[in-house]
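Q: Take a look at this one; I'll ask things after.
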Amino acid sequence: GEDVEQSLFLSVREGDSSVINCTYTDSSSTYLYWYKQEPGAGLQLLTYIFSNMDMKQDQRLTVLLNKKDKHLSLRIADTQTGDSAIYFCAESTLSSGAGSYQLTFGKGTKLSVIP
Amino acid sequence: GAVVSQHPSRVICKSGTSVKIECRSLDFQATTMFWYRQFPKKSLMLMATSNEGSKATYEQGVEKDKFLINHASLTLSTLTVTSAHPEDSSFYICSARGTSGRAGTTDTQYFGPGTRLTVL
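Residue numbers (the numbering used here), protein chains in the order written: chain F, 314 to 428; chain Z, -1 to 118.
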């Protein structure tokens, strides 16, 4: 079955880089996603990477994918207090029940930025 | 990016009553909509997947008679929690997926802001 694992907490100082790690088990994943959730809010899509890519950079965000090890990471450069949130890793897999692609989420990593 | 709205954002109801939550895709047609439930400090649990004009596919353990899902149009899905009880109190989040025409986005889900349901 699918399983996505993340560490639950990460604390960094403002201005430093944050690296949030994620491992997944389904090698047939097509896309892998990072979502951000601020308190009391829904999920905001941050970025995604196609499974045949190794890296994707978007401004302060860098996504690295090691498909062999099924390891995904999100690096946030120059972390700001506004980056404090919960970050969810998700993989897109084909669900036999629904007959369509669905997301499987990790439990989320709570990023705390210390001023 | 694509915008998904939910209404209401917060609802408090008495035990035994029914509550309807709306999910709308505002700037794209959502061929598929998903309903999730999120418990405190837990990940999102997929409740059901619905395709426009079809019956929803419920995940194992989710009572279809209790959580009624209707996806009548390409921009609207509703979740009705029937005969709500305190254990149904949770944060309900919908998401929508459609064809936006941009490469790499047909498989992307966009999420609504969530609805906080409190059953007294």
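Here a beta-carbon is modelled for each residue, glycine too, at the ideal position from N, C-alpha and C.
1. Extract the residue ranges of the beta strand (DSSP E) inside the segment 12 to 78 of chain Z, only unbroken runs of 3 or more that lie entirely within it.
2. Please identify, using Cβ separations under 9 Å, the residues of the segment 364 to 397 of chain F that lie next to chain Z, in order along the chain.
3. Which word fits T392(F), buried or exposed, when buried means at least 16 other C-beta atoms lie within 10 angstroms of its C-beta?
4. Under a Cβ-count criterion, where at least 16 other Cβ atoms within 10 Å of its own Cβ denotes burial, should H69(Z) be classed as buried or exposed?
5. How is the beta strand (DSSP E) around A94(Z) delimited, first residue to last?
6. Starting from T384(F), trace the beta strand (DSSP E) both ways and give me its first and last residue.
7. Quick one: is V117(Z) near chain F, going by C-beta distance under 8 Å?
8. State the Cα-Cα distance for the pair S23(Z) and S3(Z), rounded to the nearest angstrom.
9. Under 8 Å, Cβ to Cβ, is there at least one residue of chain F near Y108(Z)?
10. S41(Z) CB to nearest chain F CB: under 8 Å?
11. On the three-state DSSP scale, how would you describe E327(F)?
12. How big is the Cα-Cα spacing for S331(F) and D63(Z)?
13. Contact check, F32(Z) vs A0(Z) under 8 Å by CB: the rounded distance?
14. Name, please, each residue of chain F whose Cβ falls closer than 9 Å to the Cβ of I67(Z).
15. Can you tell me whether DSSP reads E85(Z) as helix, strand or coil?
16. Using the three-state DSSP reduction, which class does T394(F) fall into: helix, strand or coil?
17. Using the C-alpha atoms, what's the distance from L77(Z) back to Q415(F)?
18. Helix, strand or coil, according to DSSP, for T336(F) in the structure here?
19. CB-CB under 6 Å to C335(F), same chain, minus the five flanking residues each way: which ones, in chain order?
20. Apply the 10 Å Cβ neighbour rule to A390(F) and answer buried if 16 or more other Cβ atoms are within range, or exposed otherwise.
A: This is what the structure holds:
1. 17 to 23, 28 to 36, 42 to 49 and 65 to 71
2. Those residues of the segment 364 to 397 of chain F that come within reach of chain Z (Cβ to Cβ, closer than 9 Å) do not exist; the list is empty.
3. On the first sequence, residue 392(F) is found 79 positions in, with the first residue counted as 1. T392(F) should be labelled buried.
4. Locating residue 69(Z) in the second sequence gives position 71, counting from the first residue. Buried: at least 16 other Cβ atoms inside 10 Å.
5. Mapped onto the second sequence, residue 94(Z) falls at position 96. Where A94(Z) is concerned, the enclosing beta strand (DSSP E) stretches over S88 to G96.
6. Working through the first sequence from its first residue, we reach residue 384(F) at position 71. Looking at the sequence itself, residue 384(F) is His, so the reference to Thr does not match. H384 to I389 is the extent of the beta strand (DSSP E) around H384(F).
7. By 1-based counting over the second sequence, the position of residue 117(Z) is 119. Closer than 8 Å: no.
8. Residue 23(Z) sits at position 25 when you count from the first residue of the second sequence. Residue 3(Z) sits at position 5 when you count from the first residue of the second sequence. Rounded to whole angstroms, S23(Z) to S3(Z) spans 6 Å at the Cα level.
9. Counting from 1 along the second sequence, the entry for residue 108(Z) is found at position 110. True, the Cβ-Cβ gap to chain F drops below 8 Å.
10. Taking the second sequence and counting its residues from 1, one reaches residue 41(Z) at position 43. By this cut-off, S41(Z) is an interface position.
11. Taking the first residue of the first sequence as position 1, residue 327(F) is located at position 14. In this structure, E327(F) counts as coil in the three-state DSSP scheme.
12. The sequence position of residue 331(F) within the first sequence is 18, counting from 1. The sequence position of residue 63(Z) within the second sequence is 65, counting from 1. Taking the straight line joining both Cα atoms gives about 44 Å.
13. For the purposes of this step, residue 32(Z) is identified with residue 34 of the second sequence, where counting begins at 1. For the purposes of this step, residue 0(Z) is identified with residue 2 of the second sequence, where counting begins at 1. Not really, about 14 Å apart at Cβ, beyond 8 Å.
14. Taking the second sequence and counting its residues from 1, the one referred to as residue 67(Z) is at position 69. Within chain F, no residue comes near I67(Z); the closest Cβ sits about 12 Å away, beyond 9 Å.
15. Position 87 of the second sequence, counted from the first residue, corresponds to residue 85(Z). Helix.
16. Numbered from 1 along the first sequence, position 81 holds the residue referred to as residue 394(F). In this structure, T394(F) counts as helix in the three-state DSSP scheme.
17. Numbered from its first residue, the first sequence carries residue 415(F) at position 102. Numbered from its first residue, the second sequence carries residue 77(Z) at position 79. If I take the Cα positions, the gap works out to 19 Å.
18. Residue 336(F) sits at position 23 when you count from the first residue of the first sequence. T336(F) falls in the strand class under three-state DSSP.
19. For the purposes of this step, residue 335(F) is taken as the residue at position 22 of the first sequence. Hits under 6 Å: Q319, L385, C402 and G419.
20. Working through the first sequence from its first residue, we reach residue 390(F) at position 77. Exposed.
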